[in-house]
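Input: a single structure, listed below in structure tokens.
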Amino acid sequence: MSVSSFSLLRSRPCLSSMTVMQPFLNQQSGFSDFLHVVSMLRALLGIACLSLVWAAEEEITEARLLVQKRILNRFLVEGRDIIVDYNIYNVGGSAALDVRIVDNSFGEADFQVVSGLLKIKVDRLPPNANLSHTVVIKPLKPGRFNFTSAEVYYRTSEESQDIQIGHTSEPGEGGIIPVRDFDRTFSPHVMDSLGIPFLLWYTSKSKYEAILKQFKKH
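Per the UniProt record's numbering: the sequence shown = residues 1 to 218.
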């Protein structure tokens, strides 16, 4: 009985240490793969961050112009002066060179240039600097008019010969009032604002002179 029992025990397969450790080794291998993936993601993230930094530094080192075009008048009236204001800002890190602003939106059939130029040229605009330019125009006829943007040309640095092309902001659409309608609407208010104070002053002056004459008689 003991022999057979011993024989049976000897006949059972014996598990090796490698077989017992296999699940643990598989788990370790999966964890290593996970660490490898994490390290690769970290490397890719670092490269992306460096690329963003390099792009930001490259953008900062070049000139970058922001140009604003504004209409300063509250009312646009036929035959009356309209003030157009241009503000140029260099928000980049280098001087902008050969700066040109060309405004072709005011046609000769619709507007007359009273003072200033619609084509501006600046040889150099330093970084963090700004420049203002004003043009006075006169509308020749009433109606709706779309005040569009002007064109902007400049070089971004001393080394670059490429011309950067952009546009100013757009003031938008506005109505040019006929001069007759404007005078009819606003002239009575002007007369009231001037006539009523004058009438009060004249009445007070007349009363004062009458009192003064009575005082002299006594």
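For glycine and all other residues, C-beta sits at the position ideal for the given N, C-alpha and C. Because the structure is a prediction, the values reported are computed rather than measured.
Cα-Cα separation between residue i and residue j, rounded to whole angstroms
{"i": "Ser94", "j": "Arg100", "result": "17 Å"}
{"i": "Ile71", "j": "Glu158", "result": "34 Å"}
{"i": "Gln112", "j": "Phe106", "result": "8 Å"}
{"i": "Val122", "j": "Pro142", "result": "34 Å"}
{"i": "Ile163", "j": "Tyr153", "result": "6 Å"}
{"i": "Val136", "j": "Ala96", "result": "26 Å"}
{"i": "Thr185", "j": "Arg80", "result": "15 Å"}
{"i": "Phe147", "j": "Leu76", "result": "12 Å"}
Backbone secondary structure at residue i - three-state DSSP
{"i": "Asp162", "result": "coil"}
{"i": "Thr134", "result": "strand"}
{"i": "Val84", "result": "strand"}
{"i": "Arg64", "result": "coil"}
{"i": "Phe145", "result": "strand"}
{"i": "Ser94", "result": "coil"}
{"i": "Asp123", "result": "strand"}
{"i": "Arg155", "result": "strand"}
{"i": "Ser187", "result": "helix"}
{"i": "Phe24", "result": "For Phe24, the predicted model reports a pLDDT of 46, less than 50, meaning its position is unreliable and no value from the coordinates is stated."}
{"i": "Arg74", "result": "coil"}
{"i": "Phe111", "result": "strand"}
Buried versus exposed call for residue i [16 or more other C-beta atoms within 10 Å across all chains shown]
{"i": "Ala129", "result": "exposed"}
{"i": "Gly92", "result": "buried"}
{"i": "Arg155", "result": "buried"}
{"i": "Val102", "result": "exposed"}
{"i": "Phe24", "result": "Since pLDDT at Phe24 reaches only 46, below the 50 mark, its modelled position is unreliable, and the value read off the structure follows with that caveat. Exposed, because fewer than 16 other Cβ atoms sit within 10 Å of the Cβ of Phe24."}
{"i": "Asn104", "result": "exposed"}
Rounded Cβ spacing between residue i and residue j (contact assumed at less than 8 Å)
{"i": "Val179", "j": "Thr134", "result": "Not quite, the Cβ-Cβ distance comes to about 23 Å (not below 8 Å), so this is no contact."}
{"i": "Phe145", "j": "Ile176", "result": "6 Å"}
Cβ-heavy atom distance, residue i to the ligand PLP, below 7 Å
{"i": "Pro126", "result": "Among the components modelled here there is no ligand, and therefore nothing to report on the ligand PLP."}
**OP:** Could you say if the stretch 167 to 176 and the stretch 114 to 128 meet the contact criterion of at least three C-beta pairs nearer than 8 Å?
**Re:** no
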